[in-house]
Amino acid sequence: MLACLLCACGEATTEATGSSDETTASSGEPQVTGGERESANEIIVGIPQDLDSLDPYQMGTAGTREVLFNVFEGLVKLSSDGSYVDAVAASHSVSEDGLTYTFTLRDGVLFHNGETVTTEDVLYSFETCAASTVNESVAAALSAAQITAEGNDIVITLAEPNSDFLAYVSNAYITPADYTDQGTAPVGTGPFRFVSYSVQESFVMEKNPDYYGTPAYLDKVTFKIFDSTEAELMALDAGSIDLCAHLQYDQISTLNNGYTVLDSTMNLAVALYLNNGVAPFDNQLVRQALCWAIDVDEVMAFATGGQGVKIGSSMFPNFTKYFDPSLADHYGYDVEKAKELLAEAGYPDGFSFTITYASEYEHPYGDMAAVIQQQLAEVGITVELEPIEWASWYTDVYQGREFESTLVGFDTSVLTASGMLQRWTSNADKNMINYSNADYDAAFAAAQASQDDAEQTELYKQCLEILSDTAANVYIQDLAEYVVIHPSLEGYEFYPLYILDMSTVRYT
């Protein structure tokens, strides 16, 4: 998942729920203007990027999915402790051989347009999800399964057991089969329903009065879209928004109001991602030289105040089943080693290249880029910094692969190792860095085919080692996350993925 901040089910998921520690930014109550609120039981949430789609099967970024989590649900859905709980399904069971999943639909579940959810809607939703190109691992898993309706049950038969399958089912959002306006007026079954959307301005949702589960506490939530985190911070200081997530330590330290601060980590693999398909980054020696020439500890110290966790491959630390902390030190900081590798690669005098990043994320990515620019100058490499708008970054860099290098963080929409790692297989649609390595492809394919958990885990770890050994990218860190919330609000919960669940937030 692309989480610019871009945006993998295992044994370690319950460890990824975040800290419950709370602090207060400073003394004094925030002065809420209330100018954009129509009632006392609504809030305004700041987000630093626009939604890329309202269609659940077209949304490609973490920033979009974390908002629409409130609107759409699958037969099961992720909970804050990392487990999967029944949602549109009242119950589910798995056969002893792990090949057959049976989901019994919950009676009387209504879509936001008032229609009752039927098995035909579920079959349509699975078919649509299987044809989607924005989530390859989910689409592949569903395409390979046999899915039928038997009375009020949905029966899914697999060719072979798949321990990740329930996670994939959670991403098959249930939508009406006869509804064609998801891209402009989304309809789901979640605790909130769509009200309005204005490009680069806001996404508004209201409490779903017909929700089958625990109803949302708030009557209305407005996600106000800002063009930068700095603009969000100004709004916080002015008291015109009530909640802001994904902030960094130095940002919250500047606030002069009495908001409550919650902390966790973002579950991202932040790196200087290198386009392996263009020179000189098609040369492994050059990529390795960059890894030796960049002092990751200094980058973290300057850009994030040393907060967060250092990484060495494409896995975030809270996914402890697969995370290998030793890879964080696979490369040290060694200027002479970097120069030797550059000379061996045919670049004794260095070269020039561009680091592109989304301008809305000047902090931390612009800060990281500035440090990297200075460090690489010591080995004769000239770096140009290119901040561009998020929308352009998404279409040109992520989708179009028109870049040399970029700073960004990847997460996953599905809490599985394959969700993090499939994107780097040679023919993956999401392989924006054009990484191609036969050993990696073979290890990933073997992991997918393995039915032994220990063997599968080891194979996924081999994938991570290969990414590190071949210097696919210059890996940096998982970012610390701070959520700032109005002191009169409570109930915010961290998830092991990028999610802004507003159904639990309430006034005290």
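Everything in the sequence shown is counted per the working numbering, starting at 74 for the first residue and increasing by one. Beta carbons are placed, not taken as given, at the ideal position from N, Cα and C, and that holds for glycine. All of these numbers come straight from a predicted model, not from anything done at the bench.
Query: Three or more C-beta pairs below 8 Å linking the region 426–434 and the region 555–572; Result: no
Query: Cβ pair residue 249, residue 186 closer than 8 Å; Result: yes
Query: From 243, 191, 179 and 230, residue whose alpha carbon lies closest to that of residue 210; Result: 243
Query: Integer-rounded CB distance, given that residue 493 should sit under 8 Å from residue 387; Result: 6 Å
Query: Collapsed DSSP secondary structure at residue 575 in the structure displayed; Result: coil
Query: Which of helix, strand or coil DSSP assigns to residue 199; Result: helix
Query: Backbone secondary structure at residue 399 - three-state DSSP; Result: helix
Query: One or two residues paired with residue 344 in a DSSP bridge; Result: 481 and 548
Query: Per-residue DSSP class, three states only, for residue 501; Result: coil
Query: Residues of its chain near residue 189, where Cβ-Cβ distance is below 8 Å and the 5 sequence neighbours each way are ignored; Result: 181, 182 and 183
Query: Proximity of residue 384 and residue 117 at Cβ, strictly below 8 Å; Result: no
Query: Contact check, residue 229 vs residue 157, beta carbons under 8 Å; Result: no
Query: Residue from 268, 449 and 420 whose Cα sits closest to the Cα of residue 406; Result: 449
Query: Status (buried if at least 16 other CB within 10 Å, exposed otherwise) for residue 114; Result: exposed
Query: Residue 514, enclosing beta strand (DSSP E) - first and last residue; Result: No beta strand (DSSP E) holds residue 514; the alpha helix (DSSP H) holding it covers 511–522.
Query: C-alpha distance - residue 527 paired with residue 199, whole-angstrom precision; Result: 30 Å
Query: Chain-order list of residues whose beta-carbon lies under 8 Å from that of residue 170 (same chain, five-residue window excluded); Result: 234
Query: Element boundaries [beta strand (DSSP E), containing residue 278]; Result: 275–280
Query: Coarse secondary structure for residue 464, derived from DSSP in three states; Result: helix
Query: Inter-residue CB distance, residue 128 and residue 286 (contact presumed, cutoff 8 Å); Result: Between residue 286 and residue 128 the Cβ distance is about 24 Å, and since that is not below 8 Å, they are no contact.
Query: Length of the line joining the Cα atoms of residue 102 and residue 119; Result: Reliability fails at residue 102, whose pLDDT of 48 lies under 50, so the model's placement of it is uncertain and the value that follows must be treated cautiously. Approximately 19 Å between the Cα atoms of the pair.
Query: Test item: CB-CB of residue 236 and residue 130 under 8 Å; Result: no
Query: Cβ neighbours of residue 295 in the same chain (closer than 6 Å, five flanking residues each side left out); Result: 117, 275 and 277
Query: Environment of residue 225 [buried if 16+ CB atoms lie within 10 Å]; Result: exposed
Query: Beta carbon of residue 161 nearer than 8 Å to that of residue 262; Result: yes
Query: Span separating the alpha-carbon of residue 375 from that of residue 559; Result: 29 Å
Query: Residue 144 versus residue 222 - alpha carbon distance; Result: 25 Å
Query: Identity of the residue in 139, 478 and 505 nearest residue 123 by Cα; Result: 139
Query: Residues near residue 414 in its chain [Cβ-Cβ closer than 6 Å; skip 5 each side]; Result: 358, 361 and 362
Query: Buried or exposed (CB count within 10 angstroms, at least 16 for buried), residue 581; Result: exposed
Query: Test item: CB-CB of residue 325 and residue 547 under 8 Å; Result: no
Query: CA-to-CA distance, residue 177 to residue 193, given in whole angstroms; Result: 13 Å
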